[in-house]
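Written out below as structure tokens is the structure these notes cover.
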Amino acid sequence: MGVPVVLLGQQSNLVFATETLDVLRLNDILSLDGDPVLAITERRATTLKARAYDGDVARILLPNDAKLAWIQAIADPADDLQNPMKGPLNTKREGDAEGHRMAIALAKAARLLPSTVVINIPNGERFAAQNGLTSVQMTEAAPHLAGSSMLHPVVQARLPIEAAEAGRLHLFRPEDGAEEHYAIEIGRADRTKPVLARLHSACFTGDVLGSLKCDCGPQLRGALAQMGTEGAGVLLYLNQEGRGIGLANKMRAYSLQDQGFDTVEANHRLGFEDDERDFKLGAYILKSMGFSSVRLLTNNPAKVDMMKKSGVDVAERVPLKVGENKFNTAYLATKAAKSGHLF
Ligand SMILES: Nc1nc2c(ncn2[C@@H]2O[C@H](COP(=O)(O)OP(=O)(O)OP(=O)(O)O)[C@@H](O)[C@H]2O)c(=O)[nH]1
Ligand SMILES: [Zn+2]
């Protein structure tokens, strides 16, 4: 939800998502005792030429007179080209960055910009109670933020679709209250043989609107059509919009692409890795449906590796080359050059 929370640990921290910060919250932060810091990822720090002393995280000291617009411009690259000089940015070296790292993981989980304002507070539990804030023990939150949390099957029902009348939709819900994921089974695949399978990541623009900037729509329909023709298959529809950064951030990335950056550079400027998806959950869903071996429809070698590492045998990689057009040639070429896609 992007609301402030208190992270309880050896040191307790009050955490604000930078994206949802407003003047009132900022005034509250600046009136507290303690040195607030603006936490960003090392990817974002590289663009801003700020030193990251904590590996993947940089902690920028917040001046007493820090302005909301300045803070948000550090998190959001939208106006980087017009205003490249945000510094000098003094980053913190001493102390522990664990709370800051977790705060950024929380912002990512909320599909916000990966940046937070963090302030150390002496008695976290009392502060949270007095101010009506949610508090969470860092040790309890850590396993959920380290990767996707456990998924549970919720319901399944028959769903005839254009590609195959014998369709069945299975719905899975994670324990941490995050997005649900779906599996569409075509026919009744033999569990003792490799099944034709596709791990599809949600793409609202491509799947629903027919965007020409990517190849997702044709890949989705192409995979289902092939399963329909063969009479059996399973398509996982994983709600990992924008390679796991969410639709708002993907649109920010598109806006950066309009400024001349490619798909990977745009993710980095926003402070994300190239790909923030967790493919382990795909393997988990397949195993829970009784599949141990797949013929995987993909051009992405990372998906093949992740399947194997997660205990699902990939008997064959089946290429899925559809949907190339004049608007996505550069995007597909970047994926081939930078992400190792096989086209
Ligand atoms: N961040 C970001 N995400 C994008 C962009 N274009 C498309 N996407 C997302 O990328 C994902 C595409 O996923 P997949 O269809 O699994 O593609 P892939 O990883 O290239 O693998 P294969 O299609 O299996 O070869 C979807 O979640 C899209 O929303 C972009 O420019 N930036
Ligand atoms: Zn797409």
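Once you know that position 161 of the sequence shown is 369 in my numbering, the rest is easy, because the numbers rise by one and skip nothing.
Yeah, the Cβ is synthetic: ideal placement off N, Cα and C, and Gly gets one too.
In the DSSP assignment, find the unbroken alpha helix (DSSP H) run with residue i in it and report its ends.
{"i": "LEU478", "result": "471-478"}
{"i": "LEU512", "result": "Correcting the residue identity first, residue 512 is Val in this sequence and not Leu. 509-517 is the extent of the alpha helix (DSSP H) around VAL512."}
{"i": "LEU444", "result": "Premise fails: LEU444 lies in the beta strand (DSSP E), 441-446, not in any alpha helix (DSSP H)."}
{"i": "GLN367", "result": "Residue 367 is actually Leu in this sequence, not Gln. Unbroken run through LEU367: none, as it is neither H nor E."}
{"i": "SER553", "result": "There is no way to answer for residue 553, as the model of the chain reaches only from 209 to 551."}
{"i": "SER463", "result": "455-466"}
{"i": "ALA283", "result": "276-283"}
{"i": "ARG485", "result": "Careful: ARG485 lies outside any alpha helix (DSSP H) and carries neither H nor E."}
{"i": "ALA286", "result": "Neither: ALA286 is in no alpha helix (DSSP H) and is coded neither H nor E."}
{"i": "ALA253", "result": "250-256"}
Where DSSP assigns a beta bridge to residue i, which residues make up the other side?
{"i": "LEU269", "result": "VAL245"}
{"i": "VAL231", "result": "Its beta-bridge partners do not exist; DSSP assigns none."}
{"i": "ASP262", "result": "VAL265"}
{"i": "PRO361", "result": "PHE380"}
{"i": "ALA225", "result": "THR324"}
{"i": "VAL213", "result": "VAL223 and THR342"}
Report back the beta-carbon spacing between residue i and residue j to the nearest angstrom; my notes put them in contact at under 8 Å.
{"i": "ASN447", "j": "LEU478", "result": "Rounded, the Cβ-Cβ distance is 20 Å, inconsistent with contact."}
{"i": "ALA349", "j": "MET293", "result": "Between MET293 and ALA349 the Cβ distance is about 36 Å, and since that is not below 8 Å, they are no contact."}
{"i": "GLN280", "j": "LEU320", "result": "Wrong, their Cβ atoms sit about 12 Å apart, outside the cutoff."}
{"i": "VAL213", "j": "VAL344", "result": "6 Å"}
{"i": "LEU494", "j": "VAL502", "result": "7 Å"}
{"i": "ALA433", "j": "ALA391", "result": "Contact doesn't hold; Cβ gap of about 17 Å is too wide."}
{"i": "GLY307", "j": "LEU215", "result": "5 Å"}
{"i": "LEU428", "j": "HIS408", "result": "6 Å"}
{"i": "CYS411", "j": "GLU449", "result": "7 Å"}
Quick check on residue i: does DSSP put it in helix, strand or coil?
{"i": "SER239", "result": "helix"}
{"i": "SER323", "result": "strand"}
{"i": "ILE329", "result": "strand"}
{"i": "ILE312", "result": "helix"}
{"i": "GLY375", "result": "strand"}
{"i": "SER356", "result": "coil"}
{"i": "PHE335", "result": "helix"}
{"i": "GLU524", "result": "strand"}
{"i": "LEU550", "result": "coil"}
{"i": "THR299", "result": "strand"}
{"i": "ALA405", "result": "strand"}
{"i": "ARG429", "result": "helix"}
{"i": "ARG451", "result": "helix"}
{"i": "ARG399", "result": "coil"}
{"i": "GLU532", "result": "coil"}
{"i": "GLY436", "result": "helix"}
{"i": "CYS422", "result": "coil"}
{"i": "ALA541", "result": "helix"}
{"i": "ALA350", "result": "helix"}
{"i": "ALA318", "result": "coil"}
{"i": "GLY307", "result": "helix"}
May I ask which residues mark the beginning and end of the beta strand (DSSP E) holding residue i?
{"i": "THR342", "result": "342-345"}
{"i": "PRO292", "result": "Neither: PRO292 is in no beta strand (DSSP E) and is coded neither H nor E."}
{"i": "ASP415", "result": "It is not in any beta strand (DSSP E) - ASP415 carries neither H nor E in the DSSP assignment."}
{"i": "GLU393", "result": "389-394"}
{"i": "ARG503", "result": "501-505"}
Should residue i be listed as close to ligand 4, given that the test is whether its C-beta is under 7 Å from any heavy atom?
{"i": "LEU417", "result": "Ligands in the displayed structure: ligand 1 and ligand 2; ligand 4 is not one of them."}
Ligand 2 site residues, beta-carbon cut 5 Å against heavy atoms: CYS411, GLY414, CYS422 and CYS424
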